[in-house]
Amino acid sequence: MTETDAVPTFAQPWDVPADVRITGVRAIVTAPYGVPIVVVRIDTTDPGLYGLGCATFTQRWKAVVTYVEEHLARLVVGRYPGDIGDLVRLAKFSSYWREGPVGNNAISGLDEALWDIAGKRAGQPVHELLGGKVRAAADTYVHSAGRDIPGAVADARSKVEAGWRHVRVQVSQPGAGTYGSAVLDGDTIDGVPYARGWRVSEYLSLVPRLFEAAREELGDEVELLHDVHSRLTPKQAVTLARSLEPYRLFFLEDVLPPEHWDALPQVRAASPVPLAVGELTTSVTDAARLILGGGVDLIRSHVSAIGGVTPARKLAAAAELVGVRTAWHAPGDTSPVGVAASVALDVTSPAFGIQECHVFDELTHEIFPGTLAPVNGWLTPNDSPGWGIDLDENLARRYPPGLSSFDAWAAGVRGLDGGLLAP
Ligand code: MG
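Take the sequence shown: its letters are residues 2 to 424, numbered as in this note's numbering.
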């Protein structure tokens with residue numbers, strides 16, 4: 002293959018309305034609360050008509066920016082923005098080697114920005130273009146954590162008192178923090194190669210005690226959730242799931258690393274609690290295999306990591322047909338535009354199960370006017386055209402991203418012998 006700047010003919014082989022064309026595609030990165038948020042902006046020949054899409058891959062954001070601005074822009078500039086299906090397939094197939102989180106996040110930025118433009122042109126919110134609401138709002142779950150069981154339960158209680166009906170509960174364990182809760186200062190383990198090592202035996206006995214206390218303190222009304230974060234073997238996963246049966250979890254999340262997902266159908270068959278899986282899917286096909294293969298009760302892909310709303314709505318449809326529910330991944334590493342996209346899917350899909358919720362700070366609301374805010378745990382979509390989210394680029398520029406922490410965040414868990422564990 003010879004390198005050339007000449008772009009092959011990517012014009013659509015059909016007639017399109019003459020009124021509007023794509024004139025520019027850019028990636029904007031901002032980190033108002035430390036997490037690099039990546040948003041794609043598509044401009045058009047109509048100066049007032051532009052779209053925003055989420056392309057947030059915090060650990061490799063620079064690669065996404067390059068993908069968008071060096072590779073995608075030249076494919077779609079000059080094209081009619083209404084051909085969303087063709088443009089995202091063009092973006093996907095043009096690299097030949099498809100899938101992967103860098104490419105999919107970049108394509109998601111394109112896809113969601115095109116849906117935003119479509120909504121603005123139609124004068125309708127995107128959820129109406131997706132078929133309209135089947136519910137008024139999305140019920141959400143929020144995170145709680147503590148350094149010990151009483152602390153974790155107290156934090157969960159504060160979330161219930163703030164209006165949430167679904168709370169994820171995590172607790173630290175001696176030596177190392179469990180996922181979602183802090184490493185305990187000064188608490189180390191003697192006589193082992195790695196004094197801050199994570200012990201699976203300690204974890205498997207701690208988590209049932211945590212949920213026994215949570216049920217006792219919080220009663221039966223609240224729904225309780227827990228995230229294992231991919232650290233168990235299939236047998237350990239079944240042991241944990243069975244030990245949690247008395248506490249009626251809403252879901253138990255990511256019991257296995259993605260490398261072992263083939264074992265999920267057996268684990269799910271033996272689990273008395275619902276399994277939620279999928280935030281590490283980086284391919285809509287892999288996510289569809291999880292749904293259709295009988296390995297999950299709730300699918301929770303990160304919408305931008307599988308390529309945006311266009312593939313995610315297909316997953317929601319597949320989930321609806323086989324009785325799986327959705328729980329899109331959306332903590333603080335999803336942009337406000339990405340949250341709006343997830344909520345548009347939530348309110349339009351009968352397969353909706355629950356929505357993960359991050360409470361954005363005031364500054365992020367200023368940078369992204371229209372950012373959704375939970376009320377009593379409910380997220381309600383904007384009724385303005387498109388996503389109803391804007392971006393103040395001048396303000397965003399004042400909070401530049403760095404590489405200091407998030408590019409290596411996940412490689413921080415080791416066993417007692419010092420060996421790295423799946424994050
Ligand atoms: Mg998770």
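Every residue gets a Cβ at the ideal spot worked out from N, C-alpha and C, and that includes glycine.
Quick caveat, the model's predicted, so the values are computed rather than measured.
Does the beta-carbon of residue i, which I'm using as the reference point, lie nearer than 7 Å to any heavy atom of the ligand MG?
| i | result |
| --- | --- |
| D255 | yes |
| H303 | no |
| D228 | yes |
| E280 | yes |
Please return the same chain residues whose Cβ sits closer than 8 Å to the Cβ of residue i, not counting the five positions on each side in sequence.
| i | result |
| --- | --- |
| A32 | I38, Y400, P401, P402, G403 |
| A242 | L253, V256, V268, A271, S272, P273, V274, L276 |
| S244 | L205, V208, P209 |
| Q125 | P386 |
| D221 | R249 |
| S1 | Because the chain is modelled from 2 through 424, residue 1 falls outside the range shown and cannot be assessed. |
| L291 | W262, L265, V278, G279, T282, V297, I300 |
For residue i and residue j, what's the separation of their Cα atoms in angstroms?
| i | j | result |
| --- | --- | --- |
| P48 | L91 | 25 Å |
| I390 | G164 | 25 Å |
| G295 | V21 | 44 Å |
| V239 | R169 | 20 Å |
| A412 | I118 | 38 Å |
| H230 | V172 | 13 Å |
| L396 | W388 | 20 Å |
| L225 | V161 | 11 Å |
| S305 | A107 | 8 Å |
| L422 | E280 | 18 Å |
| R122 | T45 | 11 Å |
| Y51 | E113 | 11 Å |
| I307 | R197 | 34 Å |
| T363 | D228 | Looking at the sequence shown, residue 363 is not Thr but Glu. So the alpha carbons of these two residues sit roughly 27 Å apart. |
| E213 | H359 | 26 Å |
| V427 | F11 | Here the chain has residues from 2 to 424 only, and residue 427 is not among them. |
| Y195 | S96 | 43 Å |
| G147 | G54 | 34 Å |
| V348 | D16 | 33 Å |
| K236 | E129 | 44 Å |
| L111 | V323 | 30 Å |
| V338 | L73 | 19 Å |
| V344 | L88 | 23 Å |
| T5 | R232 | Only weak support exists for where T5 lies, its pLDDT of 48 falling under 50; the coordinates are left without a value. |
| Q13 | A341 | 29 Å |
| G420 | A409 | 16 Å |
| T3 | A19 | With a pLDDT of 45 at T3, under the threshold of 50, the predicted position of this residue should be treated as unreliable, though the coordinate-derived value follows. Between T3 and A19, the C-alpha separation is close to 34 Å. |
Keeping to the same chain, check which residues put their C-beta closer than 6 Å to that of residue i; ignore five residues upstream and five downstream.
| i | result |
| --- | --- |
| R27 | R42 |
| L293 | none |
| D188 | P175 |
| L265 | G296 |
| W116 | V127, V310 |
| A289 | A319 |
| S302 | G279, T282, A288 |
| D384 | P126 |
| S336 | I38, V40, C55, T57 |
Once the 5 residues before and after residue i are set aside, which same chain residues still bring their CB inside 7 Å of it?
| i | result |
| --- | --- |
| D334 | V36, T57, T59 |
| R314 | L131, L346 |
| A157 | S145, V168, V170, A215, L219 |
| R99 | K93 |
| F407 | V36, P37, T59, Q60 |
| P375 | T141, C358, V360 |
| L211 | I150, A153, V170, V172 |
| P312 | V285 |
| I427 | The shown model of the chain, from 2 to 424, leaves out residue 427, and the question about it has no answer. |
| V193 | L417 |
| E246 | P273, V274 |
Contiguous beta strand (DSSP E) assignments of at least 3 residues, all confined to the segment 94-177: 139-147, 167-172
Any 3 or more C-beta pairs closer than 8 Å across the segment 352-366 and the segment 325-339: Contact between the segment 352-366 and the segment 325-339 is present: three or more C-beta pairs spanning the two stretches fall below 8 Å.
At least three beta-carbon pairs within less than 8 Å, the segment 373-388 to the segment 135-146: yes
Inter-stretch contact (C-beta, 8 Å, three-pair minimum) for the segment 60-71 and the segment 100-111: yes
The segment 69-79 touching the segment 413-420, judged by at least three CB pairs closer than 8 Å: no
Completely contained alpha helix (DSSP H) runs for the segment 177-253, where each covers 4 or more residues: 201-219, 235-244
At least three beta-carbon pairs within less than 8 Å, the segment 73-83 to the segment 280-293: no
At least three beta-carbon pairs within less than 8 Å, the segment 191-206 to the segment 258-266: no
Whole runs of the beta strand (DSSP E) within the segment 300-333, excluding any shorter than 3 residues: none
Inter-stretch contact at 8 Å, needing at least 3 Cβ pairs: the segment 152-159 / the segment 359-375: no
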